[in-house]
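Adding 237 to a residue's 1-based position in the sequence shown gives its number in our numbering.
Reading through the structure tokens given below for one structure.
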Amino acid sequence: AMAILKKAAALTNCELGKLPEDKAQLIIEAATEVIEGQLDGNFPLRVWMTGSGTQCNMNVNEVIANRAIELAGGVMGSKKPIHPNDHVNMSQSSNDTFPTAMHIASAVALHEGLMPKVKKMRDALEEKAKAWDNIAKIGRTHLQDAVPLTLGQEFSGYVAQLDANLARIDSVLPGLYELAIGGTAVGTGLNAGKGFAEKAAEHIAKLTGLPFVSAPNKFAALAAHDDMVMASGALKTLGCSLLKIANDIRFLGCGPRCGFGELKLPSNEPGSSIMPGKVNPTQCEAMTMAATQVMGYDSAIAFAGAQGHFELNTFKPMIVFNLLQSVHLLADSCNNFTDFLLKGLEPNREKIQYFLEQSLMLVTALSPIIGYDKAAEVAHHASEKNLTLKAACLELGYVSATEFDQIVDPYRMAYPFD
Numbered sequence: 238a239m240a241i242l243k244k245a246a247a248l249t250n251c252e253l254g255k256l257p258e259d260k261a262q263l264i265i266e267a268a269t270e271v272i273e274g275q276l277d278g279n280f281p282l283r284v285w286m287t288g289s290g291t292q293c294n295m296n297v298n299e300v301i302a303n304r305a306i307e308l309a310g311g312v313m314g315s316k317k318p319i320h321p322n323d324h325v326n327m328s329q330s331s332n333d334t335f336p337t338a339m340h341i342a343s344a345v346a347l348h349e350g351l352m353p354k355v356k357k358m359r360d361a362l363e364e365k366a367k368a369w370d371n372i373a374k375i376g377r378t379h380l381q382d383a384v385p386l387t388l389g390q391e392f393s394g395y396v397a398q399l400d401a402n403l404a405r406i407d408s409v410l411p412g413l414y415e416l417a418i419g420g421t422a423v424g425t426g427l428n429a430g431k432g433f434a435e436k437a438a439e440h441i442a443k444l445t446g447l448p449f450v451s452a453p454n455k456f457a458a459l460a461a462h463d464d465m466v467m468a469s470g471a472l473k474t475l476g477c478s479l480l481k482i483a484n485d486i487r488f489l490g491c492g493p494r495c496g497f498g499e500l501k502l503p504s505n506e507p508g509s510s511i512m513p514g515k516v517n518p519t520q521c522e523a524m525t526m527a528a529t530q531v532m533g534y535d536s537a538i539a540f541a542g543a544q545g546h547f548e549l550n551t552f553k554p555m556i557v558f559n560l561l562q563s564v565h566l567l568a569d570s571c572n573n574f575t576d577f578l579l580k581g582l583e584p585n586r587e588k589i590q591y592f593l594e595q596s597l598m599l600v601t602a603l604s605p606i607i608g609y610d611k612a613a614e615v616a617h618h619a620s621e622k623n624l625t626l627k628a629a630c631l632e633l634g635y636v637s638a639t640e641f642d643q644i645v646d647p648y649r650m651a652y653p654f655d
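Structure, rendered in structure tokens:
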């Protein structure tokens, strides 16, 4: 992201007549090599540095400058014909380049890294929802038996959650598309040529294929990172959704004989070093840990985002590091969850049917016919006498067998308006 910015800055400074074309071309060529990963070994810095990212900015300036010198046949370290500050960092400050790179990296990671993986998981869930819509099962509220729904309906809820998360992520992108470049040290644009901010943003947009623009207020762009905090919030919300989905699936798959066992989880590896044949919900547990970690990253980002003192927030490296970690964790989790769990996930129809027949909450369908109190009496009678609902209803004489079968139809209860 920093190299994309340096390339855009060289193009812009050349267009504005501030940087000779031969020097600009050397910088552009060197920056392109950085973008392509050819010079990765020259970036030894870690995230823990000055809060403006100055060391990172200068690391990039020096690598590009020295590679440009090398391309020109000069002596590395001589600062001739390319100077890291005078030429590579022309019209810029660490205070506006680093937040610009933060937005570029985050927007690209969300758009190209995370969203396709979430969409992949969403589509896999939708496929299951459609395939399993004819499987009536017992619902559960408060972890207790409730009225029926279909397995497809249950999974359609997960699809809707991911649709909403994709929309939320999409909604934070416009804020990330606004770039701080051109604000220089405190937001005034001192030492940047007129029009530099807008032209540089245009070049960044062309280089990335994303609609980046110059931030309308550079003071906020340097001193606050509300858009990064907002983006992190969207990632945290996605983490919450993924944790719920993963937990539901692992609970529904618990067993196989002494738990719910309504879903058959695929076996990807031995589940236990001591218990032969055990299948563990590995992908579910990996997903829940990743989601929990993302919530922690969000807490750190929220605190760091509030640390904009006067004209500069000095928690920038930590903010972007944590956000990119969240993106990578969520993307990998969604991808692996889809490939190694969802694709091999199957319903246990026999177990689902067994629970459906045993549930006392099917009595809810009788309530409009015989009244709440009598329906409750049927449920209690069935529980106390260890009878089926049908047997209890017949024993109490409230409806006939034919009437019971017509009224207490789990699939019709799941679709009461069809």
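Where a beta carbon is used, it is the ideal one built from N, C-alpha and C, also for glycine.
Selection from the options that minimises the alpha carbon distance to residue i
{"i": "V325", "options": "K255, W285, G310 and Q381", "result": "K255"}
{"i": "T425", "options": "N303, F456 and L631", "result": "F456"}
{"i": "G533", "options": "Q520, L347 and F558", "result": "F558"}
{"i": "L416", "options": "R405, I441 and L427", "result": "I441"}
{"i": "E252", "options": "N298, K316, M239 and M327", "result": "M327"}
{"i": "K580", "options": "G311, A539 and K501", "result": "K501"}
{"i": "Q544", "options": "G288, A612, F592 and L276", "result": "G288"}
{"i": "I375", "options": "K317, E506, R586 and A629", "result": "R586"}
{"i": "A483", "options": "A458, A528, S330 and E439", "result": "A528"}
{"i": "E409", "options": "S343, E621 and A539", "result": "In the sequence on display, residue 409 carries Val and not Glu. It is S343."}
{"i": "N550", "options": "G290, E273 and N250", "result": "G290"}
{"i": "D277", "options": "A238, E506, E258 and D323", "result": "A238"}
{"i": "V300", "options": "V284, M286, I272 and W285", "result": "I272"}
{"i": "V297", "options": "H320, W285, S315 and G310", "result": "H320"}
{"i": "K443", "options": "L475, R649, I341 and L479", "result": "I341"}
{"i": "L561", "options": "P584, A401, V284 and S330", "result": "V284"}
{"i": "V345", "options": "G310, Q329 and P411", "result": "P411"}
Run of the beta strand (DSSP E) containing residue i, from where it starts to where it stops
{"i": "Q381", "result": "Q381 to T387"}
{"i": "I375", "result": "A373 to T378"}
Extent of the continuous alpha helix (DSSP H) to which residue i belongs
{"i": "T474", "result": "D463 to L489"}
{"i": "G542", "result": "T519 to G542"}
{"i": "M616", "result": "Looking at the sequence itself, residue 616 is Ala, so the reference to Met does not match. Taken as a continuous stretch (DSSP letters only), the alpha helix (DSSP H) holding A616 covers Y609 to K622."}
{"i": "E594", "result": "R586 to Q595"}
{"i": "T639", "result": "A638 to I644"}
{"i": "S331", "result": "S331 to V345"}
{"i": "I301", "result": "T291 to L308"}
{"i": "L253", "result": "Element bounds for L253: n/a, residue is neither H nor E."}
{"i": "Y648", "result": "P647 to A651"}
{"i": "I441", "result": "F433 to T445"}
{"i": "R554", "result": "Residue identity check: residue 554 is Pro in the sequence provided, not Arg. P554 -> alpha helix (DSSP H) spans K553 to F577."}
{"i": "E506", "result": "Unbroken run through E506: none, as it is neither H nor E."}
{"i": "E349", "result": "Where E349 is concerned, there is no enclosing alpha helix (DSSP H), given that its DSSP letter is neither H nor E."}
{"i": "L626", "result": "L626 to L633"}
{"i": "A452", "result": "Here A452 belongs to no alpha helix (DSSP H), and DSSP marks it neither H nor E."}
Residue burial classification, residue i (beta-carbon count within 10 angstroms, cutoff 16)
{"i": "Y395", "result": "buried"}
{"i": "R304", "result": "buried"}
{"i": "C495", "result": "exposed"}
{"i": "H462", "result": "buried"}
{"i": "F280", "result": "exposed"}
{"i": "P653", "result": "exposed"}
{"i": "G608", "result": "exposed"}
{"i": "L282", "result": "exposed"}
{"i": "T639", "result": "exposed"}
{"i": "G389", "result": "buried"}
{"i": "G520", "result": "Just to set this straight, residue 520 is Gln in the shown sequence, not Gly. Flag for Q520 reads buried."}
{"i": "T378", "result": "exposed"}
{"i": "F547", "result": "exposed"}
{"i": "S469", "result": "buried"}
{"i": "S536", "result": "exposed"}
{"i": "M512", "result": "exposed"}
{"i": "M313", "result": "exposed"}
{"i": "S504", "result": "exposed"}
Quiz item: Looking at C-beta atoms only, is the number of pairs between the stretch 446-453 and the stretch 403-420 that lie closer than 8 Å three or more?
Solution: Contact between the stretch 446-453 and the stretch 403-420 is established, with three or more Cβ pairs separated by less than 8 Å.
Quiz item: With contact counted as at least three CB pairs below 8 Å, one residue from each stretch, are the stretch 369-384 and the stretch 586-598 in contact?
Solution: The answer is yes - the stretch 586-598 touches the stretch 369-384, with three or more Cβ pairs under 8 Å.
Exercise. Please determine if the stretch 477-491 and the stretch 519-532 are in contact, where contact requires at least 3 C-beta pairs separated by less than 8 Å.
Key: Using a C-beta cut-off of 8 Å, the stretch 477-491 makes contact with the stretch 519-532, since at least three inter-stretch Cβ pairs fall below that distance.
Quiz item: Per the contact definition of three or more C-beta pairs closer than 8 Å, is the stretch 353-365 in contact with the stretch 573-580?
Solution: Under the 8 Å Cβ criterion, the stretch 573-580 counts as touching the stretch 353-365, having at least three qualifying pairs.
Quiz prompt | Sufficient close CB pairs (3 or more, under 8 Å) joining the stretch 561-570 to the stretch 491-505 | solution = Between the stretch 561-570 and the stretch 491-505 there are fewer than three C-beta pairs closer than 8 Å, too few to call the two in contact.
Quiz item: Within the chosen definition, does the stretch 363-373 reach the stretch 327-345 through at least 3 CB pairs nearer than 8 Å?
Solution: Note that the stretch 363-373 does not touch the stretch 327-345; fewer than 3 beta-carbon pairs, one per stretch, sit closer than 8 Å.
Quiz item: Would the stretch 429-445 and the stretch 304-319 be scored as touching if the rule is three or more Cβ pairs under 8 Å?
Solution: They do not touch, by the three-pair rule.
Quiz item: Counting pairs of Cβ atoms below 8 Å between the stretch 263-272 and the stretch 242-249, do you hit three or more?
Solution: Short answer: they touch.
Quiz item: Which ranges does the alpha helix (DSSP H) cover as unbroken runs of at least 4 residues, wholly within the stretch 255-283, from first to last along the chain?
Solution: You should have 258-272.
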